[in-house]
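S.K.: Just passing along the structure, written as structure tokens.
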Amino acid sequence: MTAVWWLAGLVLLTVNLRAAITGIAPVLSDLRDVFGLSDAGAGVLTTLPVLCLGVFAGLAPVVARRFGTEAAIAGSLVLITAGIVLRVAQSPVSLFVGTVLAGAGIAMGNVLMPAVIKRAFPARVGSLTGLAMMLMAASGAVAAGLAVPLAEAGGWRLALAVWAVPSLAAVLVWGPLAVRGRRAPTAPMAAPREEGSLLRSPTAWYVAAFMGLASLMFYVLMSWLPEIMRDAGFTPAAAGMMVSVMLIVGIPLGFLVPVAAARLRDQRPVVVAVAATMVAGLAGLLLVPSAGWIWVAVLGLGTGSAFPLAYTLLSLRSPSPSVAAALSGMAQTGGYLLAAAGPFAVGVLHDVTGGWDVPIVLLLALVVPEVLFGLLAARPGVVRPARPQARPKARPAAEPVRIR
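The sequence shown begins at 219 in my numbering and counts up one residue at a time.
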């Protein structure tokens with residue numbers, strides 16, 4: 219296949235890795251009315267996608283090792299398409315099952331995308347990772363922005379089902395790539411077992427911890443920033459718009475940060491800059507909440523840079539596409555599970571303390587381990603998987619002494 223076909227596949231893959239998630243929240247009130255969801259049920263529905271990103275991320279390298287990465291990606295896109303279609307059936311069970319299927323497909327696509335870039339475009343890791351991050355952010359923002367107008371025009375089913383069109387188009391592009399990959403003598407991006415485990419690699423754990431804390435910060439702010447700003451005196455409309463501003467600020471950074479990071483041998487200065495913006499934004503919310511628009515823009519710089527940087531490190535710290543897939547699976551499994559716990563923990567802390575000061579102080583404290591793990595992960599070098607130790611060969615039994 220030509221590079222143009224690979225590029226088309228990469229673009230279509232990335233635009234399907236956020237829309238099925240971000241399109242739910244804007245029509246959540248419609249879903250609650252139609253299906254009679256309780257507050258707990260609505261909370262589970264919005265938490266399920268993030269949980270799936272962590273739970274199913276570890277399966278992606280296993281599936282790629284067995285069937286080849288191209289086939290695994292094609293399968294992940296089939297899951298996304300099936301999940302989107304299943305969600306629009308008139309059944310609460312299908313709504314939740316479809317959400318799980320779509321989340322599982324997105325989790326696998328997230329994990330395998332760095333391996334695709336590493337193998338198909340090894341000289342363009344920075345620019346194509348940046349393109350992927352920018353398209354992911356933009357598609358998520360578009361899905362969230364169009365959800366309500368589409369629901370008003372054709373109902374909540376249209377708002378959710380429309381995203382099956384790009385996912386089906388992606389299946390049609392990745393299908394031939396999967397067939398070609400299976401016909402090859404060896405699966406081009408399958409991770410051989412003999413490369414060993416990443417669990418003994420400190421650098422792999424540093425990357426995973428940095429990605430987890432960066433994801434936690436993002437999802438906490440996505441979940442609670444409107445409530446924080448409403449309690450600070452802003453109108454509900456303004457508080458909701460602030461989340462959009464934070465996302466929009468991050469769209470160009472999704473491209474610029476990976477490009478800049480890939481050109482640097484040492485990415486630690488970028489980690490320091492990310493930490494500085496997060497500290498400034500959170501401290502501003504705590505001390506001068508009336509200047510909320512400024513702090514939201516600053517936090518957009520921080521969150522919009524942290525996750526693309528972590529994603530870029532998956533490729534930069536990997537010596538091969540197979541290691542990139544394994545590192546991506548390890549980092550995203552732990553990272554998204556940690557991120558899923560963040561909004562819940564902050565909500566409980568708010569209920570216990572009756573305000574937002576303590577939760578914001580907690581987020582400020584979490585910047586410390588985030589920057590420490592980020593500095594360790596950004597040091598020059600690559601991950602070295604621990605190879606399994608060879609079993610010692612059995613010595614031949616000594617010849618028995620014959621007594622004559």
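C-beta: ideal position from N, C-alpha, C; glycine also.
None of these values were measured; they are calculated from a predicted model.
Report the three-state DSSP secondary structure of S415 (helix, strand or coil).
M.R.: Strand.
S.K.: Using three-state DSSP, classify T220 as helix, strand or coil.
M.R.: If DSSP states are grouped into helix, strand and coil, T220 belongs with coil.
S.K.: I believe A479 touches L527 by the beta-carbon criterion, under 8 Å. Please report the beta-carbon distance rounded to the nearest angstrom.
M.R.: Indeed, because the Cβ distance is near 6 Å, the residues count as touching under 8 Å.
S.K.: Using the Cα positions of L368 and P454, report the straight-line distance between them to the nearest angstrom.
M.R.: So the two alpha carbons sit approximately 22 Å from each other.
S.K.: Does the beta carbon of G599 sit closer than 7 Å to a beta carbon anywhere in chain C?
M.R.: The question asks about chain C, but that chain is absent: this structure has only one protein chain.
S.K.: Within the continuous alpha helix (DSSP H) that includes N328, where are the two ends?
M.R.: Run containing N328: 310 to 338, per the alpha helix (DSSP H) assignment.
S.K.: Considering only the beta carbon of each residue, do M548 and A426 sit closer than 7 Å?
M.R.: Yes, they are a contact pair.
S.K.: What's the gap between the Cα of S294 and the Cα of L235?
M.R.: One C-alpha to the other measures close to 10 Å.
S.K.: Among A362, A338, M435, which has the Cα closest to the Cα of V579?
M.R.: Of the listed residues, the one whose Cα sits closest to V579 is M435.
S.K.: Identify whether L255 lies in helix, strand or coil by the three-state DSSP scheme.
M.R.: Of the three classes helix, strand and coil, the one that applies to L255 here is coil, per DSSP.
S.K.: State yes or no: is the C-beta of A543 within less than 7 Å of the C-beta of A338?
M.R.: Not closer than 7 Å, so no.
S.K.: Apart from the five residues on each side of it in sequence, which residues of its chain come closer than 7 Å, Cβ to Cβ, to L416?
M.R.: A422, A544, L545, M548, V601, P603, listed in sequence order.
S.K.: Rounded to whole angstroms, what is the Cα-Cα separation between F314 and P487?
M.R.: Answer to the nearest angstrom: the Cα atoms are 43 Å apart.
S.K.: Going along the chain, which residues of its own chain have a beta-carbon closer than 6 Å to the beta-carbon of G518, five neighbours each way excluded?
M.R.: Excluding positions up to five away in sequence, the list reads M464, V467, G468.
S.K.: Given a cut-off of 7 Å, decide if V306 and L364 are closer than it, judged by their beta-carbon atoms.
M.R.: No, the Cβ-Cβ distance between L364 and V306 is not below 7 Å.
S.K.: Taking the straight line between their C-alpha atoms, what separation do you get for A387 and L230?
M.R.: Near 8 Å, if we compare the C-alpha coordinates of L230 and A387.
S.K.: Quick one: using the 10 Å Cβ neighbour count with 16 as the cut-off for buried, is S508 buried or exposed?
M.R.: S508 comes out exposed.
S.K.: Got a sec? Which residues, its chain only, sit under 6 Å from A237 by beta carbon, not counting five neighbours each side?
M.R.: So the list reads S357, A361, W381, once near-sequence residues are dropped.
S.K.: Would you mind stating whether D248 and W442 have Cβ atoms separated by less than 7 Å?
M.R.: No, the pair does not count as a contact, with Cβ atoms beyond the cut-off.
S.K.: Checking 7 Å against the spacing of the C-beta atoms, do G510 and A450 come in under that value?
M.R.: Cβ distance < 7 Å, so G510 and A450 count as in contact.
S.K.: With DSSP run on the structure shown, which of helix, strand or coil describes R602?
M.R.: Three-state result, R602: coil.
S.K.: Of the choices A396, G553, G560, whose alpha-carbon is the least far from that of M440?
M.R.: Of the candidates A396, G553, G560, the one whose C-alpha sits nearest the C-alpha of M440 is G560.
S.K.: Where does P340 land, buried or exposed, given buried means 16+ other C-beta within 10 angstroms?
M.R.: Exposed, because fewer than 16 other Cβ atoms sit within 10 Å of the Cβ of P340.
S.K.: Counting only the same chain and skipping the five closest in sequence on each side, list residues whose C-beta sits under 7 Å from that of M351.
M.R.: So the qualifying residues of the chain are G472, F473, P476, P526, Y529.
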